[in-house]
Amino acid sequence: MRLADLEDIYELTPMQQGMMFHTLLAPESGQYFEQLVCDLEGQLDVEAFRRAWECAVRNHSIFRTSFVTDGSGKPVQVVHREVALPFELSDWRSLPPKQRQSREAEFLLMDRERGFELARPPLMRLSLFRLEENLHRFIWSRHHLLTDAWSRSLVFDEVFSAYEAFRAGLDFHPPARRPYGDYIAWLQEQDLAKAERYWRRLFEGFEGPSALEIGPAPESPRISEDIYFQESLRIPAPLTAKLRAIARQQNLTFNTFVQGAWGLLLGRYSDRDDVVFGATVAGRPPDLEGVESMIGLFVNTLPIRVRMPADAGVAGWLNELQGQQAELREYEYSPLVEIQRWSGIPPGRPLFDTLLVFENAPRVDASTAGERSLRVRNTKGYGSRTNYPLSLLVDVGAEIDLLAVADSRLYDRGAIQRLLGHLRTVMEAMASRPDIRIEDLPLLTEAEQRQVLVEWNETAAEYPRDQTIHRMFEAQVEKSPERAALFFENGQWTFRELNGRANQLARFLKKREIGRGDLVGISVERSPEMVCALLAALKTGAAYLPLDPAYPKERLAFILRDSGARVAIVGGGARDRLPAGVTEL
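Residue 200 in the working numbering sits at position 155 of the sequence shown; the count goes up by one each step and never skips.
Here is the structure:
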């Protein structure tokens, strides 16, 4: 690297520091590698399209930036004067549709596996595949270190404006934008001592994070498998419109509404009324002039603490949460590694293990609309992998798209699908009844409610009507004597063991002349002995009378006298509660 080839060197943003660390720690994981895929409809001038992107690389220093460590081991970003933009062009017109799909899937996978070497700019490349005469599939691959979603739409808008100029044989004059280095300089001027006081106050009384444990432990993925998987849920347009309308009526940003729903869900899952999760913030400071049009990575990840008083009404509680977010906005520049230290959580223990990403940047297909020769269609994004076990991406348009990216070593697909369904239920309930108390919010979906209330209670089954329960039990003993019949805290009893103990107690009852027509009181805590006592009573031909050991002595005495029971099988808690005349066994 020659000094003459360099344009500038400056520090990383807090978010870039974290991304660089995790990329170098696990380069094969594909974390923070992003692909934008879209269709370009219209007569494409490939050379003009290439020139437009090369123009963007020349105009914006972030696209000519590499990430290295200096002599002291400190990470820095280095702006190069010139870089060559990788641009791949292929013709797939002769391929049948199914083969195109498989070829594209293979390409996307190989592209991700190829990744980027952070020290070799540019950390982006372009791929263009011709599908039909006036249809191309375009793939923009890049490392998340370069841009955020807001910058992505600005870049597309600028590139397509340049394309139209070059296609017409004109010069292109890009809009004036402040360089990314100005934002780095602004960060270095911020008061971390003031931020420290805010974060320490925010985490006062916080007992510590709780892991989100949902569903059974999944099997470990094979080495060849991707450890991350995705599950999605789309909220239809009518419900989306209703949710957004309610948020407006309550003077809430929709981001606050979603954060409240996510916090409530995490609280229910972890049985906590005080939870912390991570959330991305725009990070574009309003006091930095021109920041809205700057190109680079401005977002930051910050902890969101949500406290949920059970008797609080949803609407009032959400307004308090929004006030908290407004105060936090002043400290969006805070490095997460420092917040971890200020929070009081011991080093090495994560402050949170779920991340909420609320997308509110303009869509690429919208930013390139208007009087242009190319139309952008079918835009899709791939990537979204972070170093967190579970990330939830919320993309709000005419419909709400929920995308969960989960670590398969901790979660299975079924659990994540249920999680997304529960999130929709919570959001819908919050919108339908803003005055509802937090503790009364439903969690189960309609299908789950039916399963619990109806399907699981459909227990009717055919059985021999001419046999008693204890005879059917004895038939099972003969069929599988060594099979476990009872499980309890300290072990288990087989059918043979349970039957033997019940027979022993039944013989004892018969010696007391207990038989058909008699009642046997049973006052035993829930235990294997209680089951044994029930079977023993039935084996004598008598009926049993269940008695709660927690009943007051007077109530037990009344029940036994009133029933005429002469014998009672009791546990330790009821031994001194039997009335006179009743034999204790």
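Note that CB positions come from ideal geometry on N, CA and C, so glycine has one too.
This structure is a prediction, so every number in the text was calculated from the model and none was measured.
Problem - 8 Å CB neighbourhood of Leu51 in its chain, flanking five on each side removed - result: Correct list, in chain order: Val123, Val124, His125 and Arg126.
Problem - Inter-residue spacing [alpha-carbon to alpha-carbon] between Ile54 and Asn179 - result: Whole-angstrom Cα-Cα distance: 43 Å.
Handout entry: DSSP three-state assignment for Gly442, whether helix, strand or coil
Key = coil
Exercise for the section: Can you say whether Ile268 is buried or exposed, counting buried as having 16 or more other CB atoms within 10 angstroms of its CB? Expected result: Residue confidence for Ile268 is low, a pLDDT of 44 falling below 50, so the modelled location carries little weight and cannot support an answer.
Handout entry: Reduced DSSP category for Tyr55 - H, G, I as helix; E, B as strand; rest coil
Key = strand
Problem - For Gly536, three-class secondary structure by DSSP - result: strand
Handout entry: Helix, strand or coil at Ile559 [DSSP, three-state]
Key = coil
Exercise for the section: Under 8 Å by Cβ, that's how I've got Gln521 and Phe540 pegged, so tell me the actual separation to the nearest angstrom. Expected result: 6 Å
Exercise for the section: Go ahead and label Trp244 buried or exposed: buried means 16 or more other beta carbons lie within 10 angstroms of its beta carbon, across all protein chains shown. Expected result: Trp244 comes out buried.
Practice task
With 8 Å as the threshold, decide whether the Cβ of Pro591 is near any Cβ in chain C.
Solution key: Here chain C cannot be found, since the structure has a single protein chain.
Practice task
With a 10 Å radius around its C-beta and 16 neighbouring C-beta atoms as the bar for buried, classify Thr58 as buried or exposed.
Solution key: buried
Exercise for the section: Would you check if the distance between the CB atom of Leu419 and the CB atom of Glu86 is smaller than 8 Å? Expected result: Yes, the pair counts as a contact, with Cβ atoms nearer than the cut-off.
Handout entry: CA-to-CA distance, Ala292 to Leu486, given in whole angstroms
Key = Approximately 17 Å, taken between the alpha carbons.
Handout entry: Reduced DSSP secondary structure (H/G/I, E/B, other) of Thr346
Key = strand
Problem - Residue environment, Val382, which counts as buried when at least 16 other CB atoms sit within 10 Å - result: exposed
Exercise for the section: Note down, in chain order, each residue of its chain lying with its Cβ closer than 7 Å to the Cβ of Tyr314, except the 5 sequence neighbours on either side. Expected result: Result list for Tyr314: Leu257 and Ile259, in chain order.
Problem - Sequence-distant residues of the same chain with beta carbon closer than 7 Å to Ala476, five excluded per side - result: Closer than 7 Å at Cβ, skipping near neighbours: Lys287, Leu288 and Ile291.
Exercise for the section: List the DSSP bridge partners of Val102. Expected result: None; Val102 has no bridge partner.
Exercise for the section: Would you list the one or two residues that DSSP bridges to Glu276? Expected result: Ala449
Practice task
Tell me, please, which residues DSSP counts as bridged to Ser572.
Solution key: Answer is none; Ser572 lacks a bridge partner.
Exercise for the section: Compute the Euclidean distance between the alpha carbons of Ala578 and Glu503, then round it to the nearest angstrom. Expected result: Roughly 28 Å separates the two Cα atoms.
Exercise for the section: Determine which residues share a DSSP beta bridge with Met169 and list them. Expected result: Arg187
Practice task
Compute the Euclidean distance between the alpha carbons of Gly309 and Leu464, then round it to the nearest angstrom.
Solution key: Here residue 309 turns out to be Leu, not Gly, going by the sequence shown. Approximately 12 Å, taken between the alpha carbons.
Exercise for the section: With DSSP collapsed to three states, give me the class of Pro591. Expected result: strand
Exercise for the section: Return yes when the Cβ of Arg145 is within less than 8 Å of the Cβ of Leu190, no when it is not. Expected result: no
Practice task
State the start and end residues of the unbroken beta strand (DSSP E) segment that holds Lys425.
Solution key: Segment Arg420 to Tyr427, the beta strand (DSSP E) holding Lys425.
Exercise for the section: Round the Cβ separation of Pro167 and Leu130 to the nearest angstrom and send it over; I've been treating them as touching at under 8 Å. Expected result: 6 Å
Practice task
Please report the Cβ distance between Ser453 and Ile272, rounded to the nearest whole angstrom; I am assuming they are in contact, meaning their Cβ atoms lie under 8 Å.
Solution key: 5 Å
Handout entry: Euclidean distance between Cα positions of Arg96 and Ile384
Key = Taking the straight line from one Cα to the other gives about 43 Å.
Practice task
In angstroms with no decimal places, state the Cα-to-Cα distance between Ala595 and Tyr589.
Solution key: 18 Å
Practice task
Tell me where the beta strand (DSSP E) around Ser111 begins and ends.
Solution key: Thr110 to Thr114
Exercise for the section: Check whether the Cβ atoms of Pro348 and Val321 sit closer than 8 Å, and answer yes or no. Expected result: yes
Problem - Collapsed DSSP secondary structure at Ala476 in the structure displayed - result: helix
Problem - Among Met517, Leu363 and Arg109, nearest to Met169 - alpha-carbon criterion - result: Checking every option, the nearest Cα to that of Met169 belongs to Arg109.
Practice task
Could you give the DSSP three-state label for Glu334: helix, strand or coil?
Solution key: Reduced to three states, the DSSP call for Glu334 is coil.
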